[in-house]
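Below is one structure, written out as structure tokens, with a few remarks after it.
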Amino acid sequence: MFFYLSQFLSFLAMPLTIISLLWVFGLIYIKKKWGKRCLWAGLILLWFFSNQFISNQAMLAWEPEFNAFTAVKNHEIGIVLTGVTNMSKTAYDRTFFNKGADRITHALQLYREGKIKKILITGGQGLNPVNPQSEAEILQRFLLMTGVPAEDVMIEDQAKNTAQNASFTKEFFEKNGINTEQEFLLITSAFHMYRAKGCFDKVGLNTTTFPTDYYSHDTTYDFPSFVYPSPSSIENWHKLIKEWIGIVVYTAVGYM
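What follows is the structure in structure tokens.
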């Protein structure tokens, strides 16, 4: 129930949902003054949310700065949150990555550089699985294919959301006799790090953050950025708003 309520609130708050509703009401009541205002409001919002410069500034303000690999302290275990593969496509000899592949590739780099000795991947199939494999299992297989020894890759493959990532990871450590008092390296997307860190803090796991998978880019002051509309800008706003709603809901129910 909690998940579906959160999804419904996110749907209502999405820019395209708001713009579509404004245009629908505007067209229905186009002969009225407020109907015309709805159409204009929808047009202005479409320009705002599709503007590359504005969306990038919002992402820059929200995403934490990335950490240089050389500045990362050595940790025994790096915790990688899933949500980076195409779970709608089933394969057993390869991994189909989505945008968030940095989560696992940067974890691999940290491992190769000796910054982490072991990797724990947390994440199951989600609420509406199509692929019979868990995402943690898929990413584990990817790391094994790159030559990481099996004993250095652990998986928790039951979590369906960020709150469960944290609580199930702690249970996994306790069950396997891993010291939960140590400091872990938390690896996830930059836009998602605030909520992830809050959930792991809530269950009592001490983590330092290593944000990856950035949607923002260096600021550019050029004509296309200011004028050309971009679908990716709308997508960035969708991610931000969904994340902000997730934080509000998680805080309200005590997950962080």
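Counting along the sequence shown from 1, when you hit position 250 you're at 250 in this note's numbering, and nothing is skipped either side.
Don't be surprised by glycine CBs; every beta carbon is placed ideally from N, CA and C.
Given the structure is predicted, the values throughout are model-derived calculations rather than measurements.
Inter-residue spacing [alpha-carbon to alpha-carbon] between residue i and residue j
| i | j | result |
| --- | --- | --- |
| residue 38 | residue 157 | 46 Å |
| residue 130 | residue 216 | 31 Å |
| residue 46 | residue 19 | 7 Å |
| residue 42 | residue 248 | 26 Å |
| residue 183 | residue 226 | 43 Å |
| residue 152 | residue 256 | 29 Å |
| residue 177 | residue 228 | 55 Å |
| residue 68 | residue 105 | 15 Å |
| residue 88 | residue 141 | 17 Å |
| residue 154 | residue 121 | 6 Å |
| residue 29 | residue 21 | 12 Å |
| residue 188 | residue 250 | 17 Å |
| residue 210 | residue 231 | 28 Å |
| residue 48 | residue 173 | 46 Å |
| residue 107 | residue 186 | 10 Å |
| residue 254 | residue 199 | 9 Å |
| residue 15 | residue 51 | 13 Å |
| residue 214 | residue 190 | 6 Å |
| residue 95 | residue 139 | 7 Å |
| residue 23 | residue 71 | 50 Å |
| residue 31 | residue 25 | 11 Å |
| residue 40 | residue 239 | 25 Å |
| residue 212 | residue 83 | 13 Å |
Which listed residue (the options) has its alpha carbon closest to that of residue i
| i | options | result |
| --- | --- | --- |
| residue 85 | 124, 27, 32 | 124 |
| residue 56 | 236, 251, 242, 250 | 236 |
| residue 181 | 208, 147, 36 | 208 |
| residue 98 | 161, 111, 119, 135 | 135 |
| residue 149 | 72, 111, 133, 233 | 111 |
| residue 54 | 242, 224, 213 | 224 |
| residue 74 | 34, 102, 119, 92 | 119 |
| residue 289 | 90, 11, 144, 102 | Past the boundaries of the shown model lies residue 289; the chain is included only from 1 to 256, so the question cannot be answered. |
| residue 137 | 91, 170, 100, 36 | 91 |
| residue 145 | 159, 179, 93 | 93 |
Span of the alpha helix (DSSP H) around residue i
| i | result |
| --- | --- |
| residue 257 | This structure leaves residue 257 out entirely; the chain is present only between 1 and 256. |
| residue 231 | 231-253 |
| residue 259 | The requested residue 259 is not part of the displayed model; the chain covers only 1 to 256. |
| residue 223 | 223-227 |
Where the beta strand (DSSP E) containing residue i begins and where it ends
| i | result |
| --- | --- |
| residue 81 | 75-81 |
| residue 69 | Unbroken run through residue 69: none, as it is neither H nor E. |
| residue 209 | 207-212 |
(request) Any chance you could list the alpha helix (DSSP H) runs of at least 4 consecutive residues sitting entirely within the region 10-67, in chain order? (result) Listed in chain order, they are 15-28, 33-50, 52-62.
(message) For the pair the region 56-74 and the region 218-226, tell me if three or more CB-CB distances fall below 8 Å.
(response) Under the 8 Å Cβ criterion, the region 56-74 counts as touching the region 218-226, having at least three qualifying pairs.
(message) For a minimum of 3 consecutive residues, which ranges assigned as the beta strand (DSSP E) are wholly contained in the region 121-199?
(response) For the beta strand (DSSP E) assignment, the uninterrupted runs of no fewer than 3 residues enclosed by the region 121-199 are, from N- to C-terminal side, 153-156, 184-189.
(message) Could you check whether the region 70-84 touches the region 112-122, counting it as contact only if at least three pairs of C-beta atoms, one from each stretch, sit closer than 8 Å?
(response) Yes, they touch.
(message) Under 8 Å, with one C-beta from each stretch per pair, do the region 240-256 and the region 192-200 reach the 3-pair mark?
(response) Using a C-beta cut-off of 8 Å, the region 240-256 makes contact with the region 192-200, since at least three inter-stretch Cβ pairs fall below that distance.
(message) With three or more beta-carbon pairs closer than 8 Å as the criterion, would you say the region 201-213 touches the region 158-173?
(response) Between the region 201-213 and the region 158-173, the count of C-beta pairs closer than 8 Å reaches three or more; the two stretches touch.
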